[in-house]
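Trainee: After the structure tokens below, expect a handful of questions from me.
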Amino acid sequence: MSSKRKITVAYGDGIGPEIMDATLRILDAAGAQLEYDVIEIGEKVYLKGISSGMEPKAIDSLRETKVFLKSPITTPQGGGFKSLNVTTRKSFGLYANVRPCKAYSPFVKTHFPKTDLVIIRENEEDLYAGIEHRQTQEVYQTLKLISEPGSEKIIRYAFEYAKKYGRKKVTCMTKDNIMKLADGLFHKKFNEVAKEYPEIEADHKIIDIGTALIADRPETFDVIVTLNLYGDIISDVAAQVTGSVGLGGSANVGEEVAMFEAIHGSAPDISGMGIANPSGLLNGAVMMLVHIGMPEIAEKISNAWMKTLEDGIHTGDIYQEGLSAKRATTKEFADAVIERLGQLPSSMKPAVFGEEATQPMQIKLTPKTKAKKELVGVDVFIDWDEDNRDPNVIGERLRKANADGLQLHLITNRGVKVFPEGLRETFCTDHWRCRFKTDDQRAISHEQVLDLLKQIKDLGFDFIKTEHLCVFDGVRGYSLAQGE
Ligand code: NAD
């Protein structure tokens, strides 16, 4: 039996094969005892008609090896193709996306030479659930789902990561001034978990100013934890301000399986030219080596890679006249790293991972007691495009519906109250949210909701969805409408 550690490898699309060749050559030359189970993913698989971009045997390989080194892939536009990255992350429970962004100044040009931050992005939830509907002629909806265990898990991961790697501060970024329930939950969990780590500074920024600060003074951040979409955006901003998207590696970590990749895409504009920078994938592979318990090989590669940058051997994306010694092809860059294996960088701080870095992090969630849930009303969404969309017309007609006291409370259009007493200036689409409650706020039954829906239909309205208004242990579980 081979004593080599088997890992799953995918060469991907575009520049993928070029950078994977370079990366594997470096891993082998550094003495990593690895066996590669190569699977096919991406464009070719999509074009075979497999909408997930991954064949069943690839899934078997991942189940067996539990470690995936993956080149970027091209997601064909439209046609119902699912993003393979999103599918892999969600199917294998890879809940933590870890993206270190570090400046390598003066060897890689950046305005922020002291930047050394790590973005920890929630990887399974948020708008990436892919649940989208066209509800009316005019209105399309994407569902944003945030769960309590999902939030707690990633926040605990961020604090454990900070502790493990000796980092001093964790900054949470949300938009909870607007999304008070969903983003508010994330922020609340952050405050709760932070109390268990008094040695680590905890801080919160609204995502818009947070992103501006990453672009303007990235060196003030240490670890950042955030929701899926915000994390996706800020990690490209952070990678770009450190010099090039071609440098960053990323780990997608779950309880069993982990996937390692470059943060950039398949770069079709330079595919096949042999000039792509393999550093992003190589840095992903370094994180993988630490993960599978080969920290010495990870250090050896990381140090040789830094020495290569210091010696001015640069691919085109980071080449600078006057500073770079050679504009290297992908292959020449890999050869230069291989030549320097065993050497340390002269002016940058050498990489030290240590045995401790290889220990898996134990993330334990707080046990929960079930809250008492009461149904107190229902929002009925209606597709209506008659009578010049006059809110008073739909409002007066819906007032006729009454299911044992469950009756119209207000109507909003795109979140703005339009009935009763709306402003005539408010622009209305064909999508109406009609809130039904009892006057005395008492609990209602599902039968009342069904009765109400029947009455709404009999009044001639096309209802398109309902959302229940619930109270959990006496705490309102829905946002108030604007003007409510
Ligand atoms: P991209 O990251 O592929 O390219 C953006 C720019 O950066 C291009 O000019 C490209 O030449 C340059 N670049 C990227 N990597 C480089 C490298 N290693 N060396 C030198 N230059 C590099 O982004 P895009 O053009 O928006 O996306 C192209 C395709 O990649 C799309 O199909 C997209 O869906 C896919 N994509 C895949 C992943 C992934 O598999 N993880 C991630 C992002 C995008």
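Residues 1 to 484 (my numbering) make up the sequence shown, in order. All C-beta atoms, glycine included, are put in the ideal place defined by N, C-alpha and C.
With a threshold of 6 Å, establish whether the CB of G265 neighbours any heavy atom of ligand 1.
Mentor: Numbered from 1 along the sequence shown, position 265 holds the residue referred to as residue 265. Yes, the beta carbon of G265 sits closer than 6 Å to at least one heavy atom of ligand 1.
Trainee: With distance defined between alpha-carbon atoms, name the residue in F68, E386, D13 nearest to L34.
Mentor: What you label residue 34 is simply residue 34 of the sequence shown in a count that begins at 1. Out of F68, E386, D13, F68 has the C-alpha closest to the C-alpha of L34.
Trainee: Which residues does DSSP pair with M173 in a beta bridge?
Mentor: The residue you call residue 173 lines up with position 173 of the sequence shown. When DSSP reads this structure, M173 sits in a beta bridge with K205, T226.
Trainee: Could you check how far apart the C-beta atoms of I146 and L185 are, in whole angstroms? I think they sit under 8 Å.
Mentor: Position 146 of the sequence shown, counted from the start, is the residue given in the question as residue 146. Position 185 of the sequence shown, counted from the start, is the residue given in the question as residue 185. I146 to L185, Cβ: 6 Å. Contact.
Trainee: Can you tell me where the beta strand (DSSP E) holding W432 begins and where it ends?
Mentor: The residue you call residue 432 lines up with position 432 of the sequence shown. Where W432 is concerned, the enclosing beta strand (DSSP E) stretches over 431-437.
Trainee: Whose CA, out of D473, W305, D383, lies closest to the CA of A371?
Mentor: Against the sequence shown, residue 371 aligns to sequence position 371. The residue with the shortest Cα to Cα distance from A371 is D473.
Trainee: Of the residues Y140, D203, P106, N191, which one's Cα is nearest the Cα of K168?
Mentor: Translated into the one-based positions of the sequence shown, residue 168 becomes position 168. Answer by Cα proximity: D203.
Trainee: Output yes or no for whether 7 Å exceeds the beta carbon distance between I119 and S235.
Mentor: Mapped onto the sequence shown, residue 119 falls at position 119. Mapped onto the sequence shown, residue 235 falls at position 235. With contacts defined by Cβ atoms closer than 7 Å, I119 and S235 form a contacting pair.
Trainee: Is A276 near ligand 1, with its Cβ less than 6 Å from a heavy atom?
Mentor: Here residue 276 corresponds to residue number 276 of the sequence shown, with the count starting at 1. For A276, the CB falls within less than 6 Å of some heavy atom of ligand 1.
Trainee: Whose C-alpha, out of G150, F419, V9, K114, is nearest the C-alpha of T220?
Mentor: Here residue 220 corresponds to residue number 220 of the sequence shown, with the count starting at 1. When each option's Cα is compared against that of T220, the closest is K114.
Trainee: Note down the Cα distance separating T174 from L406, rounded to an integer number of angstroms.
Mentor: As a first step, residue 174 is located in the sequence shown; it is residue number 174 there, counting from the start. As a first step, residue 406 is located in the sequence shown; it is residue number 406 there, counting from the start. Their Cα atoms are separated by approximately 35 Å.
Trainee: For the putative contact between D379 and R435, defined by C-beta atoms under 8 Å, what is the C-beta separation to the nearest angstrom?
Mentor: The residue given as residue 379 occupies position 379 in the sequence shown. The residue given as residue 435 occupies position 435 in the sequence shown. That belief holds up - the Cβ atoms of D379 and R435 are roughly 5 Å apart, short of 8 Å.
Trainee: Does the beta-carbon of M361 have 16 or more other beta-carbons within 10 angstroms, so that it is buried, or is it exposed?
Mentor: Locating residue 361 in the sequence shown gives position 361, where the first residue counts as 1. Residue burial annotation: M361 is exposed, with fewer than 16 other C-beta atoms found within 10 angstroms of its C-beta.
Trainee: May I ask you to report which of helix, strand or coil DSSP gives G93?
Mentor: Counting from one through the sequence shown, the residue named residue 93 turns up at place 93. Note: G93 maps to coil in three-state DSSP.
Trainee: Could you tell me the alpha carbon to alpha carbon distance between E310 and E148, rounded to whole angstroms?
Mentor: On the sequence shown, residue 310 is found 310 positions in, with the first residue counted as 1. On the sequence shown, residue 148 is found 148 positions in, with the first residue counted as 1. Between E310 and E148, the C-alpha separation is close to 45 Å.
Trainee: Hey, how far is the Cα of D451 from the Cα of E43?
Mentor: Start at 1 with the first residue of the sequence shown, and residue 451 comes out as number 451. Start at 1 with the first residue of the sequence shown, and residue 43 comes out as number 43. The alpha-carbon atoms of D451 and E43 are separated by roughly 50 Å.
Trainee: Can you list, in chain order, the residues of its chain whose CB lies under 6 Å from that of F190, leaving out five sequence neighbours each side?
Mentor: Walking along the sequence shown from the start, residue 190 turns up at place 190. Counting only Cβ-Cβ distances below 6 Å, and skipping sequence neighbours, we find I155, C172.
Trainee: Roughly how far, in whole angstroms, is the beta-carbon of V139 from the beta-carbon of D430, given that I think they are within contact range, below 8 Å?
Mentor: Start at 1 with the first residue of the sequence shown, and residue 139 comes out as number 139. Start at 1 with the first residue of the sequence shown, and residue 430 comes out as number 430. Their Cβ separation, rounded to whole angstroms, is 7 Å, which keeps V139 and D430 in contact under 8 Å.
Trainee: Can you say whether G395 is buried or exposed, counting buried as having 16 or more other CB atoms within 10 angstroms of its CB?
Mentor: Translated into positions along the sequence shown, residue 395 becomes position 395. It counts as buried.
Trainee: Is K364 buried or exposed, if buried means 16 or more other CB atoms sit within 10 Å of its CB?
Mentor: Numbered from 1 along the sequence shown, position 364 holds the residue referred to as residue 364. By the 10 Å Cβ count, K364 comes out exposed.
Trainee: Spell out the partners DSSP gives V471 in its beta bridges.
Mentor: Along the sequence shown, read from residue 1 onward, the residue named residue 471 stands at position 471. For V471, which the question treats as bridged, DSSP gives the partners E374, R476.
Trainee: Is there contact here, the segment 335-345 with the segment 306-326, by at least three beta-carbon pairs under 8 Å?
Mentor: Result yes; three or more Cβ-Cβ pairs closer than 8 Å.
Trainee: Could you spell out where the alpha helix (DSSP H) holding T315 opens and where it closes?
Mentor: One-based indexing of the sequence shown puts residue 315 at position 315. Per DSSP, T315 belongs to no alpha helix (DSSP H); it is in the beta strand (DSSP E), 313-315.
Trainee: Have a look at I275, N283, G377 and flag the residue whose alpha-carbon is nearest the alpha-carbon of A328.
Mentor: Reading the sequence shown from its first residue, position 328 is the one you call residue 328. The option with the nearest alpha carbon to A328 is I275.
Trainee: Does the beta-carbon distance from R89 to N252 come in below 7 Å?
Mentor: On the sequence shown, position 89 is the one that residue 89 refers to. On the sequence shown, position 252 is the one that residue 252 refers to. It is a contact, given that the beta carbons lie within the stated cut-off.
Trainee: Sort out for me which residues DSSP pairs P100 with in a bridge.
Mentor: As a position in the sequence shown, residue 100 is number 100, starting the count at 1. Listed as beta-bridge partners of P100 by DSSP are V118.
Trainee: Look up L181 in the DSSP assignment and say whether it is helix, strand or coil.
Mentor: Here residue 181 refers to the residue found at position 181 of the sequence shown. Reduced to three states, the DSSP call for L181 is coil.
Trainee: For D317, which residues of its own chain have a beta-carbon under 6 Å away from its beta-carbon, when the five flanking residues on both sides are left out?
Mentor: In the sequence shown, the residue the question calls residue 317 occupies position 317. Excluding sequence neighbours, D317 sits near S244, G246, N277.
Trainee: For the beta strand (DSSP E) holding Q141, just list the boundary residues, first then last.
Mentor: For the purposes of this step, residue 141 is identified with residue 141 of the sequence shown, where counting begins at 1. Residues 140-142.
Trainee: Which partner residues does Y165 have in the DSSP bridge list?
Mentor: As a working note, residue 165 is residue 165 in the sequence shown. According to DSSP, Y165 bridges with nothing at all.
Trainee: Tell me, please, which residues DSSP counts as bridged to G249.
Mentor: To locate residue 249, count along the sequence shown from 1; it is residue 249. Partner residues in the beta bridge of G249, as assigned by DSSP, are A262.
Trainee: Alpha carbon to alpha carbon, what distance is there between N177 and L344?
Mentor: Against the sequence shown, residue 344 aligns to sequence position 344. Against the sequence shown, residue 177 aligns to sequence position 177. Between L344 and N177, the C-alpha separation is close to 47 Å.
Trainee: If you run the structure through DSSP and keep just helix, strand and coil, what is Q455?
Mentor: As a first step, residue 455 is located in the sequence shown; it is residue number 455 there, counting from the start. Helix at Q455.
Trainee: Please state whether DSSP places A351 in a helix, a strand or coil.
Mentor: Start at 1 with the first residue of the sequence shown, and residue 351 comes out as number 351. Here A351 sits in coil by DSSP.
Trainee: Spatial neighbours of M20 within its chain, please: C-beta separation below 6 Å, excluding the five flanking residues on both sides.
Mentor: Along the sequence shown, read from residue 1 onward, the residue named residue 20 stands at position 20. Closer than 6 Å at the Cβ level, and outside the excluded window around M20, lie Y11, S71.
Trainee: List the DSSP bridge partners of M54.
Mentor: Here residue 54 refers to the residue found at position 54 of the sequence shown. According to DSSP, M54 bridges with I41.
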